[in-house]
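Beneath this line is the structure, given in structure tokens, with notes to follow.
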Amino acid sequence: MSEQQRTEEIVKPDLEFVKDVIASGGGDLKKCYQCSTCTVVCGMTPDDKPFPRKEMLYAQWGMKEKLISNPDIWLCHQCSDCTAYCPRGAKPGEVLGAVRKMAIQHYSPPSFLAKMVNDPKYLLVLLAIPTIIFLFLLHIQGYLFGEIPRNEFGKISFSKMLYPTFYIDPVFISAALFAVVSFVMGIKKYWADMAKNYPLPPGSDTTTSLVETIKEIISHNNFKKCNVTKERSTAHMLVFFSFIGLGITTTWAVFYLYILGRPSPYPLYDPMKIVGNISAIGLLIGITLVTNNRLKNALKAGKGGYYDWLFIVVIYVIAVTGILAQLTRLADIAPLAYTIYFIHLVFVFFLFAYAPFSKMAHMVYRTTAMVFARQAKRQ
Amino acid sequence: MDKKLALYICSGCGIGEAVNIEKISNIAKNAQRIPVVKSHFALCAQEGVDLIKADMANEGVNTIIIAACSNRVKTDVFNFPGCIVERVAVRELALWLLEAPEDIQLAAEDYIKMGIIKAQKSELPEPYIMETVKNILVIGGGITGMTAALKCADMGYNVVLVEKEAQLGGFVNKLYKQIPTTLPYKEPLIVDTDIQSMIKTVESHPKIKVYKSSKVEKTEGQPGAFDVTITTNGSSEVVKIGTIVLAAGWKPYDATKLEHLGYGQFKDVVTSIEFEEIAKKNNGKIIRPSDGKPAKKVAFIQCAGSRDPNHLPYCSAMCCATSLKQARYVRQDDSACAMIFYKDIRTPGRTEYYYKEAQNDAGVMLTKADVTGISDAGNGNLYVEAENTLLGEKIKVEADLVVLAVGVVPATADDPIINLQYRQGLGLPDLDLYNGFADSNFICFQYETRRTGIYAAGCVRQPMNMSEAVEDATGAALKAIQCAEHVAKGQAVHPRAWDLTYPDPFMQKCTACKRCTEECPFGAIDEDEKGTPYFKPNRCRRCATCMGACPERIISFKDYHVDMIGTMLKNVSVPSEDDNPRLIVLVCENDAYPALDSAAFAKIKIDRAVRFVQLRCLGSTNLVWIADALSRGVDGMLLLGCKYGENYQCHFAKGSELANYRLGKVQETLGRLQLEAERVQMVQLAIDEYNQVPKIISDFVERVKEIGPNPFKGF
Amino acid sequence: MAEQAETSLCRVVVVGGGFSGLTAAVDAAETGAEVVIVEKNPYLGGRVAQLNKYFPKMCPPMCGLEINFRRIKTNPLVTYHVASEIESISGKEGDFTVSIVKKPTFVNDNCVSCNACVDVCPVERANDFNFGLDKTKAIYLPFNQAMPFKYVIDTAVCKGASCAKCVEACKYNAIDLNMKPEKITIKANSVVLATGWNPYDATKMDNLSFGKVKNVITNMMMERLSSVNGPTAGQIKRPSDGKVVNNIAFVQCAGSRDENHLEFCSYICCMASLKQAQYIREQNPDSKVTIYYIDIRTPGKYEQFYWKVKEDANIQFIKGKVAKIEQASGDDVEVEAEDMASLKKIKTTHDMVVLATGMQPSGATLKVQGFKYTDEGFGIEDKGLYVAGCSKNPMDVSKSAQDATGAAMNALTSGQRR
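Chains as they are written, first to last, in numbering that gives the first Met the number 0: chain A, 0 to 378; chain B, 0 to 714; chain C, 0 to 417.
The structure is reproduced here in structure tokens:
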């Protein structure tokens, strides 16, 4: 028992928080009767102060501070082993998922945006923002109702539609900056809260933990401990590395454009193109596997909520529109190619700008929690 | 009845090879003067039975001694109604338990000789018939009592229902809602009670007479003929009653003893009963007593008084489900929450479904906890202070209302209720063994109390919920009817329900020593003003403890009496050699004897020294038998009976214990003969401990050998 | 009271000759009804016949069974059919037609239990009475205190006429290898379903490794291992190597209170494990017992039984359900749980592990035609069709006895209502 638990502690149940968890996907939370089957079958939990049994209780009592500032909620990879074996159908995996979502909302400023991302009512509003931005940019070039010119080879060129340097990059750089700022603020607060509740051992080193954590993320070793939903780590790995591939592609493209001064389109045999296309296909396969796994395991692991599916759908749209934009461009179907590319841009914006509030944020918060946990000797 | 005896010796199962049947036949014919003696290869086969039947028809045989196997097998085959049938277990006791051919032969001779004596001294029973009524008295008009009353009345029995309150319904009257009692036990979670319609049915039933605001002042007489005085508002009435269902119910544990939980100190600490009243009074709205504000944070403290060595040492069984129900009352206001602090949630069986459904609500919160106290939170609210919780080692939780889930105290805890005018006391005996509950000691026979014709049901018997109480009442109703029917026919009830004999004392020789009245485990014998015992046969269970207790040997049953067993013992052979002792083992027929049978079947061999004699119950052991046997040269006697003490296994409750108690005084008897008291011992043997029989016997043989041969040997 | 009921006209069929069935039968018969017991096994006594002791008194089940057997033997109103099953129940309350099929046991009433047949029988079979922990011959006595005290032949393994050594050995013409099924049809006013329960199939809980890890047994197997008439003559030795058990763990709620298995609480398992902890503690003074539980459920007076067991320093209670079992070295067993009190996930190693497997109503696997059942397999009562004991609800022996008496009452009411 930690120091603070030995002294008398005032428990303040928060009914509203309980209702929020239930509404956020932890609908069966209250069925838990504290047998701790979940904790035993969990391959991720440390042996000392293990999860998720205690988190289930905190959630049942609405003990918000104990939950969202807890690194353990991110050590959970939602394998759903716990959910499959839960004798009451309380779905601890889903509950922790809901709590994580609420943690993201809690830490990533501004909080109104977090609420909007999590609420299907605001989906159109959120989509409208990039749509309007890009429409406006098309409009000022006169392309909104006019024809988009072809490049010097007479081919469709997306950089003719919105030249990266003037139109796309400023938009995405601002979106990314916004996301980074939000993330940084969120992580700072989160780290401080975690350190308050779980004091770090003196002399512990964040850099080493970070390196170890990155190694772990790349290897997916922990994720592979999942039992019931074994295939999930494969799917996740595919999506994860595809994103890395696409990240490399983007950097490469920046290099071509700004260092070599070569605007797109690039030939298909270009190594950058090859990496990009493989990554895009990988992403499509990966996200399809994710979807399949979710549907297949729905009975045992729960089917997930709006929040999960929004994230999946966004990735799907990005992958599909990316591939289609290239195909229609090569097929020289101009209106279709531009339209698809437009949609692609909107969704990429969606992914980046709203990353701190969507499920994308797990990338940052989970990494932070894992680094913290390692440093706090939780792993 | 003019008895004509016949002895049939079976030669099957190896008896024919091991035993000289001809020799035994001759002894029986010549020494014991048995007119018909026959042998057959398999008496239990149709041919063997036909042989016996032919003798019954042709020779007028009506007293049959079958020397074959144990009376526990082939019972249906050797069933000759109207005849005295005595079975001698030559196969088990001689053939299977002994080894040497000469020992088997000698044992067979002894056992057959004893069997013949038993048959000679036995008579066909004639039941004790007195004028009886079959009216059933139900004490308590709660759900248990009303159910029992309706069950009996629907079967055509007249019922007298006595309720101490001014209205029927008991605790259910106080409920705002109840837990569903029908499938699927979970939806809706709180339902209205239908006690009013039940009350109406009871009150309008032509066979049920209801006494409200009434008490049983006294109960005199015996089953079938109880005179029950019922007092209503000061006036009394005597009613003839056959049997009684005791359904006096329960009361909540006195919360003023729960000061450590703030009761009495804080207005907003209430009992679960008071909470129910609050809900009922305000139609579901939970208003706290101190300031009339709606309660939004209600804490339920489980096991308030229960499972507590300082209060009630038992679990009250109903409180967990009740608090879950009451939590749902709180949750009728969506902004309120109910917090349950439990030691273990106990919702056994399908009540688990209720737990699952009732807890599945945002505002119902549970944790295991040891609640250490209630304190003032300073803002008009209270703190529940607890340790060893799942939320932390030591916590405080704010609540605006605290509910103590108080336990169940049976009505019999401090009031005999039935007020029996029995020599042995007003109430049911052994109540202290069951913490005041009118429970049974027997796992297998839940309704058996030590007062014949009185059957307890509902929460006076054990803590239970409403549907269990209904089931319990149904069973008790049957037992009451059963007993009323049996006593009308002069037939015993459990555990000798078939028995038509009864204790028949020869009162002229009674010295009014009161041993029988004191010892009878069922309080069947009262005393008149002069102290003379007065038998109430319908209270009797036929264990014959009185027969064993009586120093004047005046209490007899038609088929079981002191002389019968005494004569049998006196006729056991006593070897003349000093190193060949003879020991007699008196065996309880209910448990120890079946254990012997099992030992025999397993072909476990025992010392040749012993001869076994079956008794109805070890309680019927009369010390004169010991004197009789030992004065004939028998070297020692062993009593094999049921385990006694707190968890006694004796079917007659006290039989083996009383036998042991009497042995404490055996020195007196043996002193006169100048014999050592150690020659007589009692050993407790359960029915499954058959593997211990050889050691018990050989240990005893060794001990007796150490003492040395009986000096009376050869006289 | 001239208009008193003539209950003797009532006839009741009791399906199941276990403790509930016997109680219902004798209580109905002793109140004047004619009763026919139909029992699937070749013996009466049912599940309790396999128990070593009853909680909380630690007394032998045969003690009460013996009394009930005697009540049957002495009561001409009771008849019973063993090795029999209900084929159909038709009609309505007060006028049921019950059709019974008596399966051949190939041993007739001439059997005197002399054991000569067993000596010559060449075939062995796993002893189902002892859950396969030992063997019997193809002709066998179900157990040493069986009622009826009569041998039976297991047709699944008997070589039949080609062998017939037992037929030759039997001097009493008790073995008839040509015995045919017999159909009996009776009229009845009411039927009491008292078909009891089966231990839940422990192999279904894959994480508890029954059947995969050596020395993981069920609580019913533990009863047999502790019984004097069991496979080890009552010496608690573990199955894999016969090692005397020194360190044992009990896994509570193995399948019970679990919507993946038995959703209800099986009522008896807590008391059963407390009882079994005492078996081992009494046999072996140095032994250690660990009981892993969610909630200890000892309602009513059973609380004191719990207290008594808790007093023993060698019996440890850990709040936390075991959810993983693996083989440790030397045939030992490792169990894994969260010790909630210390907030630690722990692994402990034991000589043997007992799964406190719950009771599944027999209706889950075998339904009696004419009765309706819940999804779990519990019988549902209807007019003239009553349910008693564990086929109605999970309960212990004393509750079964009480409940069966109530069922007898209801069954008699059906005679009244005609």
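We treat Cβ as the ideally placed atom computed from N, Cα and C, and that holds for glycine.
Quick caveat, the model's predicted, so the values are computed rather than measured.
Between the C-alpha atoms of glutamine 31(B) and lysine 112(B) there is a straight-line separation of about 8 Å.
About 39 Å separates the Cβ atoms of glutamate 576(B) and cysteine 545(B), ruling out a contact at the 8 Å cut-off.
Under the DSSP assignment, alanine 298(B) falls in the beta strand (DSSP E) whose first and last residues are 296 to 303. The CB of glycine 319(C) comes closer than 7 Å to the CB of Ser35 in chain A, given here in chain order.
It is roughly 12 Å from the alpha-carbon of glycine 141(B) to the alpha-carbon of leucine 149(B).
Distance from the CA atom of isoleucine 99(C) to the CA atom of alanine 187(C), rounded to whole angstroms, is 12 Å. Not flagged as an interface residue toward chain B: leucine 224(C), since no C-beta distance is shorter than 8 Å. Within the region 309 to 390 of chain B, the complete alpha helix (DSSP H) segments of 4 residues or longer fall at 318 to 329 and 350 to 358, listed in chain order.
Along the region 106 to 159 of chain B, the beta strand (DSSP E) occurs as fully enclosed runs of 3 or more residues at 135 to 138, listed in sequence order. Interface annotation, threonine 38(A): in contact with chain C, CB-CB separation under 8 Å. By the C-beta density criterion, lysine 398(C) is buried, having at least 16 other C-beta atoms within 10 angstroms. Among the residues of chain B, none has a CB under 8 Å from the CB of valine 274(A); the nearest is roughly 49 Å distant. Think of a sphere of 9 Å around the beta carbon of lysine 150(B): the chain C residues whose beta carbon falls inside it are Gly405, Met408, Asn409 and Thr412, in chain order.
With a beta-carbon spacing of about 7 Å, lysine 29(A) and alanine 361(B) fall inside the 8 Å limit used to define contacts.
Close partners of aspartate 46(A) in chain C (Cβ separation under 7 Å): Lys343 and Lys344. The beta-carbon distance between leucine 400(B) and leucine 56(A), rounded to whole angstroms, is 23 Å. This is too long to meet the 8 Å contact definition. Secondary structure of isoleucine 33(B) (DSSP, three-state): coil. Counting every other CB atom within 10 Å of its CB across the protein chains shown gives tyrosine 385(C) a total of 16 or more, marking it as buried. Here lysine 371(C) has Ile379 as same chain residues with Cβ atoms under 6 Å from its own Cβ, once five neighbours each way along the sequence are excluded. Using a Cβ-Cβ cut-off of 8 Å, arginine 377(A) does not count as an interface residue toward chain C, since no Cβ of chain C sits closer than that to its own.
For chain A, none of the residues of the region 265 to 299 of chain B brings a beta carbon within less than 7 Å of one of its beta carbons. Classified as exposed, tyrosine 268(A) has fewer than 16 neighbouring CB atoms from the shown chains inside 10 Å of its CB. Nearest CB-CB separation between leucine 143(A) and chain B: not below the 8 Å threshold.
Nearest CB-CB separation between arginine 87(A) and chain C: below the 8 Å threshold. Under DSSP, arginine 124(C) takes part in a beta bridge, and its partners are Thr135(C).
Across the region 144 to 172 of chain A, no CB contact with chain B closer than 9 Å is found for any residue.
For a Cβ distance threshold of 8 Å, residue set Lys296, Cys336, Met338, Met364 and Val396 of chain B lies close to proline 12(A), ordered along the chain. Setting aside the 5 residues that flank it on each side, lysine 217(B) is surrounded in the same chain by Thr228, Asn418 and Gln420, each with a C-beta closer than 6 Å to its C-beta; the list follows chain order.
Secondary structure note for lysine 287(C): its beta strand (DSSP E) is the uninterrupted segment 287 to 292. Between isoleucine 138(B) and glycine 144(B), the C-beta spacing is below 8 Å.
With respect to chain B, the C-beta atom of valine 17(A) has a partner C-beta closer than 8 Å.
Straight-line spacing of the CA atoms in methionine 567(B) and lysine 28(B) works out to 18 Å.
For the alpha helix (DSSP H) assignment, the uninterrupted runs of no fewer than 4 residues enclosed by the region 11 to 79 of chain A are, from N- to C-terminal side, 14 to 22, 36 to 40, 52 to 59, 63 to 67 and 71 to 74. In terms of CA proximity to phenylalanine 299(B), Ile339(B) leads the group Cys43(B), Ile339(B), Arg349(B) and Ser315(B).
In this chain, the alpha helix (DSSP H) harbouring valine 183(A) covers 168 to 196. Scanning Met369(A), Thr38(A), Ile9(A) and Gln33(A) for the CA closest to the CA of threonine 207(A) turns up Met369(A).
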